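In the numbering used here, the protein residues as written are 177 to 440.
By construction, the Cβ of each residue, glycine as well, lies at the ideal position given by its N, Cα and C atoms.
Note that the coordinates shown come from a computational prediction; the quantities given were computed from them, not determined experimentally.
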Ligand code: SF4
């Protein structure tokens with residue numbers, strides 16, 4: 177027996193497949209208890225006049241509120257009956273589902289690493305470029321290790337160094353961060369870091385925009401700061417006269433002893 181679909185559909189499906197509600201429900205009940213199957217919610221075909229049609233049933237399964245049973249049926253060309261292709265439980269619009277998976281590498285935030293943690297960098301990390309080439313021949317890890325040893329012996333230094341992209345990414349991060357001009361500290365600073373005697377200069381292209389704060393009394397001591405950053409510990413900060421500490425009165429030597437006190 178076939179039953180008409182209970183709701184309208186997204187596109188016009190094959191009429192035989194769309195009417196096969198009982199076939200779909202029967203297939204579903206072979207997989208799950210009847211207590212977990214709700215009303216027929218509708219049918220859906222991927223394309224116009226598609227003979228592959230999915231029937232949706234409500235889910236009463238505990239913990240799966242808002243999910244739907246989806247039973248896909250197919251009518252082969254020139255056939256009058258449908259066959260069941262698959263039965264699955266899928267989330268509906270109101271279903272509570274887990275958030276999208278984010279790889280661990282992308283979840284890391286500055287400060288997440290603990291002593292002993294290792295964070296390998298990909299060979300093709302765009303932030304780094306090789307200082308020397310391994311050549312065009314395919315090499316295994318041992319071959320590369322030998323070349324690194326020779327390069328070290330020759331004094332070629334590091335295997336990789338910062339790429340222009342890696343440098344730009346770092347510069348933007350520093351500029352946008354706590355050491356940049358938009359931080360609350362910088363916004364109320366009397367003078368910028370560029371005029372501060374505690375600013376240590378960098379070398380290279382970043383030297384035109386950044387330095388390192390070397391004021392042990394400042395919040396940014398030991399950190400990279402933008403020239404437009406600043407703080408109240410600037411080397412040339414002077415207090416206004418009214419804010420300067422008032423001189424203490426002359427000391428007074430109190431010679432009054434206990435005996436003198438009792439004789440009063
Ligand atoms: S003390 Fe303040 S103004 Fe001076 S370099 Fe450090 S952060 Fe900049």
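Inset, instruction - Can you tell me the Cβ-Cβ gap for residue 305 and residue 339, rounded? I've got them flagged as a contact below 8 Å. - result: Here the question's residue 305 lines up with position 129 in the chain shown. Here the question's residue 339 lines up with position 163 in the chain shown. Correct: roughly 4 Å between the Cβ atoms.
Inset, instruction - On a CA-only basis, which of 432, 236, 197, 354 is nearest residue 218? Give me that one, please. - result: Within the chain shown, residue 218 is the residue found at index 42, counting from 1. If we check each option's Cα against that of residue 218, 197 comes out closest.
Legend entry - DSSP state of residue 431 mapped onto helix, strand, coil: In the chain shown, the residue the question calls residue 431 occupies position 255. Residue state, collapsed to three classes: coil.
Legend entry - For residue 274, the three-state DSSP class (helix, strand or coil): As a first step, residue 274 is located in the chain shown; it is residue number 98 there, counting from the start. Reduced to three states, the DSSP call for residue 274 is coil.
Inset, instruction - Just mark residue 189 as buried or exposed, buried being the case when its beta carbon has 16 or more other beta carbons within 10 Å. - result: What you label residue 189 is simply residue 13 of the chain shown in a count that begins at 1. With 16 or more Cβ atoms within 10 Å of its Cβ, residue 189 is classed as buried.
Legend entry - Bridge-paired residues (DSSP) for residue 382: Stepping through the chain shown from its first residue, residue 382 is reached at position 206. Within the DSSP bridge table, the entry for residue 382 names no partner.
Legend entry - residue 301 burial status per 10 Å Cβ neighbour count (16 or more: buried): Counting from 1 along the chain shown, the entry for residue 301 is found at position 125. It counts as exposed.
Legend entry - Beta-carbon proximity list for residue 364, same chain, < 8 Å, skipping 5 on both sides: In the chain shown, counting from the first residue as 1, residue 364 sits at position 188. Closer than 8 Å at the Cβ level, and outside the excluded window around residue 364, lie 408.
Inset, instruction - Name the residue from 193, 241, 349 whose alpha carbon lies nearest to the alpha carbon of residue 286. - result: By 1-based counting over the chain shown, the position of residue 286 is 110. It is 349 whose Cα lies nearest to the Cα of residue 286.
Legend entry - Alpha-carbon spacing of residue 386 relative to residue 394, whole angstroms: The count along the chain shown starts at 1 and reaches residue 386 at position 210. The count along the chain shown starts at 1 and reaches residue 394 at position 218. Near 16 Å, if we compare the C-alpha coordinates of residue 394 and residue 386.
Inset, instruction - Compare the beta carbon distance of residue 355 and residue 401 with 8 Å and say whether it is the shorter of the two. - result: Numbered from 1 along the chain shown, position 179 holds the residue referred to as residue 355. Numbered from 1 along the chain shown, position 225 holds the residue referred to as residue 401. Cβ distance < 8 Å, so residue 355 and residue 401 count as in contact.
Inset, instruction - Along the alpha helix (DSSP H) that carries residue 205, what are the first and last residues, could you check? - result: Taking the first residue of the chain shown as 1, we reach residue 205 at position 29. Following the DSSP letters along the chain, one finds residue 205 inside the alpha helix (DSSP H) bounded by residues 197–205.
Legend entry - the stretch 246–263 touching the stretch 274–283, judged by at least three CB pairs closer than 8 Å: No, the stretch 246–263 is not in contact with the stretch 274–283.
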